[in-house]
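In terms of the UniProt record's numbering, the sequence shown opens at residue 1 and continues consecutively.
Just so you know, even glycine gets a beta-carbon here, dropped at the ideal spot from N, CA and C.
Below is one structure; the comments refer to it alone.
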Amino acid sequence: MWDGYVGFFLAVSRGDWSQFFAQANEHRIVFSKILFWLDIRYFSGQARFLIASNVVLLFALWTSFAYISRRLIGGLPSLTTAALVAIPCFSWMQSENITWGYQSQFFVACLFPLVALVFLALSLEDPKKLRWFLIALGFGIASYGSMGNGILAMPALSVAAILSGRTSRSRILILIGTTVLCTLLWFYDYESPNRDPASLGAMVVFTLAFLGSPFGVVAKNNLVAVAAGAFFVSASLLLFVRWCRADGRDPLTLTTIIFLAYVGATAAGAAHGRASTGVEIGDFSSRYTTPALMGWATLLILIVATYRHRTQPTLVLLSILLPIMFIWPQLPAFDTYAREQHKKQLLAALALDLGVVDNDTTIAVYPTDTPQYAKRLRAISDQARTENLSVFSNIDMQHAREFIGKPVSILGLKSCLGSIDRSEPVRTDSRYVKVTGWTFNERTLSVPSIVFFVSNHTVVGAALSGYSRPDVERSVDGKAINAGFSGYKLAADEGQTQIMCQR
1 MWDGYVGFFL AVSRGDWSQF FAQANEHRIV FSKILFWLDI RYFSGQARFL IASNVVLLFA
61 LWTSFAYISR RLIGGLPSLT TAALVAIPCF SWMQSENITW GYQSQFFVAC LFPLVALVFL
121 ALSLEDPKKL RWFLIALGFG IASYGSMGNG ILAMPALSVA AILSGRTSRS RILILIGTTV
181 LCTLLWFYDY ESPNRDPASL GAMVVFTLAF LGSPFGVVAK NNLVAVAAGA FFVSASLLLF
241 VRWCRADGRD PLTLTTIIFL AYVGATAAGA AHGRASTGVE IGDFSSRYTT PALMGWATLL
301 ILIVATYRHR TQPTLVLLSI LLPIMFIWPQ LPAFDTYARE QHKKQLLAAL ALDLGVVDND
361 TTIAVYPTDT PQYAKRLRAI SDQARTENLS VFSNIDMQHA REFIGKPVSI LGLKSCLGSI
421 DRSEPVRTDS RYVKVTGWTF NERTLSVPSI VFFVSNHTVV GAALSGYSRP DVERSVDGKA
481 INAGFSGYKL AADEGQTQIM CQR
């Protein structure tokens, strides 16, 4: 995230606006970079705006599915289906994409093509309304700025327009011409990542496992994922054949089926780049389940719409089975994982803020397992710290780096209750030791958000609080449940260490 988020903003602030279109791995995440810029420029770079954007994008996806459900199914069954679709749509199975500020592109890469296809269907139903076609074209072009798979959106629109048999030749030429032009621009100055090629068999298995990953995660079994993926492909093909044989050939049904093909192509594209690493269900990071979840939501709507006159018992059964099946992946939403992960990231930020080279901790925010990556992280964080960007604009972070080495007399610090329970060397930086303990401000009857370590009347370290300490809650004060802290102090300090906090 630091390269594509903080590093990106620093480059743009120096006038390099081309960074909006620069590659992020194999992708061009233009829309997400716009959100990154807004977050740092107007919302202090604390990622709250980004996470809120993730949730808004999820709601936009579900709203799109609800609209398709109402149009294709209608009546009470459409409401039931929309409610059922919310289960995979908001599943915590994709928690990384919800809780990480850098992940909005996974939602955009589904939302923009889906919306483009919906508006294309509207233009096919009423060709006289040019605005529907232009909106579809706009979202198709915007899809190029979502992720790598976004380049498939315009070809999907072109295929849907041709298959419908309702589009004028001029509009088909516009779609194809736009596809060619945008694709050429997208690949301009593109650098393909170096990855080992995979066998055709490995790619097929990976693709099926990718598509069936939601069921594989639930069952914790890769074979189940592959079987579910095979069902996804078979059902999609059968729905397309059924549409071809239908008399009416509903445009929205066609474009929704084309979205299934888009999801399938996304899986195949992922297989092309990653199948060589092997396929185990545990290897599918939760962020990769988003396309599959949206694909299954789409498939559910299409199946109910196709068999809507015979689906009432099925809907009742699904209303029981789907919540049961997805309850296990949803439970972590209520545990402490997200909070613990946030604490690890804040501690990593504190290490960077103080200049501590603690690679074991900073790996929570950037891969620092190699000297090259560790050096890159320090270079970016040094610039961000100098300019008070992102987390370094936080007042506690500012005080932490400003107070180190200064006398207490000019800082207005006061003694707090607390103790250092543990001190251990930092493996990659002999100048500092990592410390944990607890603190409580008896004057304000609260836990200070940051504490400072003082020796010989000089600040020699700092720590962030917020860690659960039930023992302190019982023995000191009922408000001290989160009195635990973790931080750093100078290893060379040989005096008695005091714990102090701001008034």
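Helix, strand or coil at T336 according to DSSP, with G and I counted as helix | coil
Mark W296 as exposed unless 16 or more other C-beta atoms lie within 10 angstroms of its C-beta, in which case mark it buried.
-> buried
What does DSSP give as the partner residues of L490 in its beta bridges?
-> Y432
Can you pull the DSSP bridge partners for A462?
-> A462 is bridged to F452, Y488.
Through-space distance from H27 to M154, alpha-carbon basis = Cα to Cα, the separation comes out at about 16 Å.
Is there contact between the region 173–188 and the region 223–243, where contact requires at least three CB pairs shorter than 8 Å?
-> no
Mapping DSSP to helix, strand and coil, what is Q502?
-> strand
Go ahead and pull the three-state DSSP assignment for N441.
-> N441 carries a strand assignment under DSSP once its states are collapsed to helix, strand and coil.
Can you have a look at R339 and say buried or exposed, based on whether 16 or more other CB atoms are within 10 angstroms of its CB?
-> exposed
So, using beta-carbon positions, are N460 and D493 closer together than 7 Å?
-> Note that residue 460 corresponds to Val in the displayed sequence, not to Asn. A contact, by the Cβ cut-off of 7 Å.
Label V472 either buried or exposed according to how many other C-beta atoms from any shown protein chain fall within 10 Å of its C-beta, with 16 as the threshold for buried.
-> buried
Using a threshold of 7 Å, state whether the C-beta atoms of V476 and F453 are closer than that.
-> no
Of the choices S423, P470, L417, whose alpha-carbon is the least far from that of L445?
-> It is L417 whose Cα lies nearest to the Cα of L445.
Find out if the Cβ-Cβ distance for the pair A142, T207 is shorter than 7 Å.
-> No, the Cβ-Cβ distance between A142 and T207 is not below 7 Å.
Tell me whether V356 sits in a helix, a strand or coil according to DSSP, three-state version.
-> coil
On the DSSP bridge assignment, give the partners of H27 in chain order.
-> A24
Using a threshold of 7 Å, state whether the C-beta atoms of A160 and I303 are closer than that.
-> no
Taking only the alpha-carbon atoms, compute the straight-line gap between I420 and P407 and give it to the nearest angstrom.
-> 21 Å
Closest Cα partner of P113 within the set T63, S199, T255 = T255
How far does the alpha helix (DSSP H) with M426 in it reach, from first residue to last?
-> Looking at the sequence shown, residue 426 is not Met but Val. Taken as a continuous stretch (DSSP letters only), V426 belongs to no alpha helix (DSSP H), being part of the beta strand (DSSP E) at 417–426.
Euclidean distance between Cα positions of T81 and S69 = 7 Å
Rounded straight-line distance, which links the Cα of T63 to that of L223 = 33 Å
For T179, collect the residues of the same chain with a Cβ closer than 6 Å to its Cβ; drop the 5 residues on either side in sequence, then sort them by chain order.
-> M154, P155, S158
Pick out whichever of W438, P425, P371, K479 has its Cα sitting closest to the Cα of A491.
-> Residue nearest to A491 within the set W438, P425, P371, K479 is P425 (criterion: CA-CA distance).
Under the three-state DSSP convention, the category K414 falls into | strand
In the DSSP assignment, find the alpha helix (DSSP H) that holds A364 and state where it starts and stops.
-> Where A364 is concerned, there is no enclosing alpha helix (DSSP H), given that its DSSP letter is neither H nor E.
Please check the pair L211 and G229, which I expect to be a contact at CB under 8 Å, by giving their CB distance rounded to whole angstroms.
-> 4 Å
Residue nearest to L10 in terms of C-alpha spacing, selected from S390, I481, F334 = The option with the nearest alpha carbon to L10 is S390.
Using beta-carbon positions only, say whether S465 and V447 come within less than 7 Å of one another.
-> yes
Proximity below 7 Å, CB of S455 to CB of T497 | Result yes, Cβ atoms of S455 and T497 sit closer than 7 Å.
What separation, rounded to the nearest whole angstrom, lies between the Cα atoms of T253 and W37?
-> 38 Å
Rounded C-alpha distance that separates S393 from T386 | 10 Å
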